[in-house]
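Trainee: Using this note's numbering, the first residue of the sequence shown is number 5, and each one after it goes up by one.
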Amino acid sequence: MKRALALLAFFAAPALAQKAPDREAELAGVLASWRPAGPPQRCLNVRRANILRVLNRTAIVYRYSGQLYVNRPESGGEYLDRRDALVSRRGGSLLCAGEMVELTDPYSGIVRLVTVGPFEPYRR
């Protein structure tokens, strides 16, 4: 079983690497009419923000106060899937870089952890 998984990972890695430009192109398409609005922010008020889009293996895009905030996870970004539900188990309203959120697959119930990075602001 371990050998089969190792072979799968060996042959799947080049295919995943080839898709990286496509993922960046998808993000560029989302941000086509937006421009950077300053330095990245460490925290975002997620109680007031809407998740606009989860881009497969790339980023989470939030909309807040007329701006977009792009978050490229520090770790676990390879688990990002637009079909997954994003759950933050925070007591407060701020989500900050270095904190974890859960991605739950609605079909299998599998939960994966993602560590968020800084939030890059964009405006029209």
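Using N, Cα and C, we set each Cβ at its ideal position, and we do this for glycine too.
Given the structure is predicted, the values throughout are model-derived calculations rather than measurements.
Counting only runs of 3+ residues fully inside the segment 99–126, write out the beta strand (DSSP E) ranges in chain order.
Mentor: Listed in chain order, the complete beta strand (DSSP E) runs (minimum 3 residues) inside the segment 99–126 are 104–108 and 115–119.
Trainee: Where valine 34 and alanine 53 are concerned, what is the direct C-alpha to C-alpha distance, given to the nearest angstrom?
Mentor: Looking up residue 34 in the sequence shown gives position 30. Looking up residue 53 in the sequence shown gives position 49. Distance between the alpha carbons of valine 34 and alanine 53: 17 Å.
Trainee: Give me whichever residues DSSP pairs with serine 97 in a beta bridge.
Mentor: As a position in the sequence shown, residue 97 is number 93, starting the count at 1. Bridge partners of serine 97: none, in fact.
Trainee: Give me, in chain order, the residues of the same chain whose beta-carbon lies closer than 8 Å to that of proline 110; leave out the 5 immediate sequence neighbours on both sides.
Mentor: In the sequence shown, residue 110 corresponds to position 106, counting from 1. Here the set comprises Arg87, Asp88 and Ala89.
Trainee: Between which two residues does the beta strand (DSSP E) containing asparagine 49 stretch?
Mentor: As a working note, residue 49 is residue 45 in the sequence shown. Counting along the chain, the beta strand (DSSP E) containing asparagine 49 begins and ends at 47–49.
Trainee: Label alanine 63 either buried or exposed according to how many other C-beta atoms from any shown protein chain fall within 10 Å of its C-beta, with 16 as the threshold for buried.
Mentor: On the sequence shown, position 59 is the one that residue 63 refers to. The residue is buried, with at least 16 neighbouring Cβ atoms inside 10 Å.
Trainee: What does the Cβ neighbour count give for leucine 11, buried or exposed, with the cut at 16 atoms within 10 Å?
Mentor: Sequence index remark: in the sequence shown, residue 11 carries index 7 (1-based). Annotation note: pLDDT 38 at leucine 11 (below 50); position unreliable, coordinate value reported separately. Flag for leucine 11 reads exposed.
Trainee: In chain order, what residues of the same chain have a beta carbon less than 7 Å from the beta carbon of glutamate 82, not counting five sequence neighbours either side?
Mentor: The sequence position of residue 82 within the sequence shown is 78, counting from 1. Taken in chain order, the residues that qualify are Arg61.
Trainee: Could you spell out the range, first to last residue, of the beta strand (DSSP E) harbouring arginine 57?
Mentor: Here residue 57 refers to the residue found at position 53 when the sequence shown is read from its first residue. Its beta strand (DSSP E) spans residues 54–59.
Trainee: Should valine 65 go down as buried or exposed, given a rule of 16 or more other Cβ atoms within 10 Å for buried?
Mentor: Start at 1 with the first residue of the sequence shown, and residue 65 comes out as number 61. Valine 65 should be labelled buried.
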